[in-house]
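With full-length UniProt numbering, letter number 154 in the sequence shown gets 154, and the count goes up by one each step, no holes.
Notes follow the structure.
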Amino acid sequence: MNVVDRRQFLGLTLSAAAFSAASNLLPFGDRYAHGKVLGADGMPVSPQVEGPETMFLTWPGDPTTTICIQWIDEDHGNELEIAYSPWDRDDWRVVQVTSKPFPLTKDKVYRASISSLQPGTEYRFRMGADAPTFRFRTTPRKLTDAFHFVSGGDAGTGSHAIGTNQLAARQEPYFALIAGDLAYDNGKSPKTFIKFLKNYRAHMVDPQGRLIPLLACPGNHEVDGAYKQPREKAGSYLSVFDCFYPDTTYGVYDIGDDFSLVLLDTDHISPIEGEQTSWLEKTLAARQDKKHLFVANHVPAYPSYRAANIDSDKPGTGAAQRKLWCPLFERYNVDVVLEHHDHLFKRSHPLTDGRKDKYGVPYLGDGSWGMLRPLKEPELRPYLAKVSSSYHMTAHHLEGDERFHIALEENGRIADVCMTRNKRAARRG
């Protein structure tokens, strides 16, 4: 992995520089503080929301051709449908809305899954002839132009999560990935989960008016019991994300021909050892021709706050991943691992077997979208290249065989920039 400072980064490519500059704009003037749009009372402003307050998009399958529109509401007792069309013409088609119970409530989860869309295309949809129109886009099949998304973890429903939402939306990402601990509902507070969705719906709309799809993998706060629990203990989370996780709680998105994103479960519902690890090896081995190969999970293999105990007989945080998953990441040349849980910002050195190695795998994240802790003995963690106590998310900019990873603090400042290059290019022939 090559690390560049901000000055070098801004000179690398025009598109990357423009992306970085846009990330650092403060377009709201005095009403923008600490990443949040503020009202006269100093509290974050939620914009006027048309349509269902909990509506959000995710991908049930191929991001180039599918979309899943969902929301949670009371039982209407009647059939609903959604009409959709390409953005630039009137070619409306209709899809039926299905519903199912939202656990621990009398509400319903409403869902419309659309397939056979065109890659790299802008669409609009509405819930009736006179209803508001909403906008989204599919991902391109070939990443011939710059492609960008945002990632983080440990969001919650507080004002800092809202601030990070607003910052993330301004990057105009194709999607947002929150890798665990979305709402902090702990599998038993549907009210908290609904508040998270309302925040996401209100603020995760890009400057062009597009709704930003949400991807996720489970964390301990999705589950009543945190670890080693059945699916029923993650009722709120799986009530909406079962469109992608119908049977397991791990999977892979192949985003066009060039980019694969593997999402894992760090022992919350699916055990790390056994079936998931076998699936992981097969999945990575089958994707060695990709320009970009990312993995994301919640609990970190290389924590910035909790004790890793790497050189101890006492297992520490991430021990199972270091034993079973990290050797696979190294063997199959994973470009980046995104991990969270510790409520700080961190970037590791590129690592092989826990040691600094320029040919190793970098681990980014540590989960401070809306949660934060003070630093704890960073000098005792030689695997870390950089760490700070700051609310943040990371903007990932994919261009050719290169990737720029820009950690943005809640106030819009650039906390860190690094660049990674494809390590599997020779294998593509």
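Quick reminder that beta carbons are idealized off the backbone N, C-alpha and C, glycines included.
Give me whichever residues DSSP pairs with residue i in a beta bridge.
i: M393; result: L408
i: I178; result: G152, A216
i: R403; result: L398, T420
i: Y227; result: Its beta-bridge partners do not exist; DSSP assigns none.
i: C68; result: T58, S113
i: V295; result: V262, V337
i: A98; result: The residue asked about is misnamed: residue 98 is Thr in this sequence, not Ala. For T98, which the question treats as bridged, DSSP gives the partners R111.
i: T352; result: R355
i: K346; result: G365, V387
i: P86; result: Y123
i: L167; result: In the DSSP output, where bridge partners are listed per residue, L167 has none listed.
i: E81; result: Q96
i: R210; result: R135
i: I162; result: None; I162 has no bridge partner.
i: Y253; result: L261
i: I414; result: L408
i: V205; result: L211
Alpha carbon to alpha carbon, how far is residue j from residue i? Give it in angstroms, no decimals.
i: D73; j: Y363; result: 38 Å
i: I194; j: L57; result: 15 Å
i: D75; j: Y237; result: 19 Å
i: C326; j: Y302; result: 10 Å
i: I414; j: P230; result: 40 Å
i: H277; j: A285; result: According to the sequence shown, residue 277 is Thr rather than His. C-alpha separation (whole angstroms): 12 Å.
i: G163; j: G187; result: 25 Å
i: D357; j: S348; result: 11 Å
i: T105; j: P190; result: 7 Å
i: G316; j: Q70; result: 38 Å
i: V94; j: P246; result: 24 Å
i: L10; j: G412; result: Here L10 scores only 44 on pLDDT, less than 50, and its place in the model should not be relied on; the value that follows carries that caveat. For L10 and G412, the distance between alpha carbons rounds to 16 Å.
i: S85; j: T139; result: 16 Å
i: F241; j: V109; result: 11 Å
i: E377; j: F259; result: 36 Å
i: G274; j: H292; result: 26 Å
i: K282; j: G251; result: 12 Å
i: I310; j: F102; result: 42 Å
i: D335; j: Q96; result: 40 Å
i: T352; j: R331; result: 10 Å
i: P63; j: Y253; result: 8 Å
i: Y359; j: N333; result: 9 Å
i: G318; j: G365; result: 14 Å
i: T121; j: P60; result: 17 Å
Could one say the Cβ of residue i lies closer than 9 Å to chain B's Cβ atoms, at least one of them?
i: K386; result: The structure shown has no chain B; it contains just one protein chain.
Quick one: residues in its chain with C-beta nearer than 7 Å to the C-beta of residue i, no 5 flanking neighbours on either side, listed in chain order?
i: F329; result: V295, V337, V361
i: A161; result: A155, N199, W369, G370
i: D206; result: A169, E172, I212
i: S115; result: T65, T66
Hey, out of the options, whose CA is closest to residue i's CA?
i: R137; options: G128, M127, V150, L117; result: L117
i: W92; options: F125, S151, K142, P63; result: F125
i: I67; options: A395, S113, T98, N78; result: S113
i: E81; options: E53, R403, D62, A129; result: A129
i: S159; options: L104, H203, L211, Y174; result: H203
i: R381; options: G400, R306, H396; result: R306
i: Q166; options: D181, G180, A179, V150; result: V150
i: Q288; options: V262, D366, G316, S388; result: V262
i: K386; options: A407, D401, E399, G400; result: A407
i: G153; options: E275, Y84, A216; result: A216
i: L211; options: Q171, K323, T394; result: Q171
i: G225; options: L182, L197, I269, V240; result: I269
i: H405; options: Y383, H392, M419, E399; result: M419
i: P119; options: T65, D335, Y245, K282; result: T65
i: D181; options: H221, D366, P101; result: H221
i: residue 460; options: Y383, L375, Y123; result: Residue 460 lies beyond the residue range present for the chain, which begins at 1 and ends at 429; the question has no answer from this structure.
i: R421; options: Y110, K290, L177, K108; result: K290
i: A395; options: P374, K314, V417; result: V417
i: R135; options: Y227, M55, K323, P271; result: M55
i: D257; options: K142, R424, D88, I272; result: K142
i: M393; options: G367, E402, E379; result: G367
Short of 6 Å in beta carbon distance, which residues of its chain neighbour residue i, apart from the five on each side in sequence? Order them along the chain.
i: W279; result: none
i: Q321; result: A301
i: G51; result: P132
i: E399; result: A146
i: N78; result: none
So, at 8 Å on beta carbons, what are the nonlocal neighbours of residue i in its own chain, with the 5 sequence-adjacent residues on each side left out?
i: T144; result: none
i: L372; result: H160, H343, L344, S389, S390, Y391
Please classify residue i: is it buried, with 16 or more other beta-carbons within 10 angstroms of its beta-carbon, or exposed?
i: G219; result: buried
i: A234; result: buried
i: E410; result: buried
i: Y383; result: buried
i: E339; result: buried
i: L177; result: buried
i: G209; result: exposed
i: W87; result: exposed
Residue i: beta carbon under 8 Å from a heavy atom of the ligand MN?
i: R124; result: Of the ligands one can find in the structure shown there are none, so the ligand MN has no counterpart to examine.
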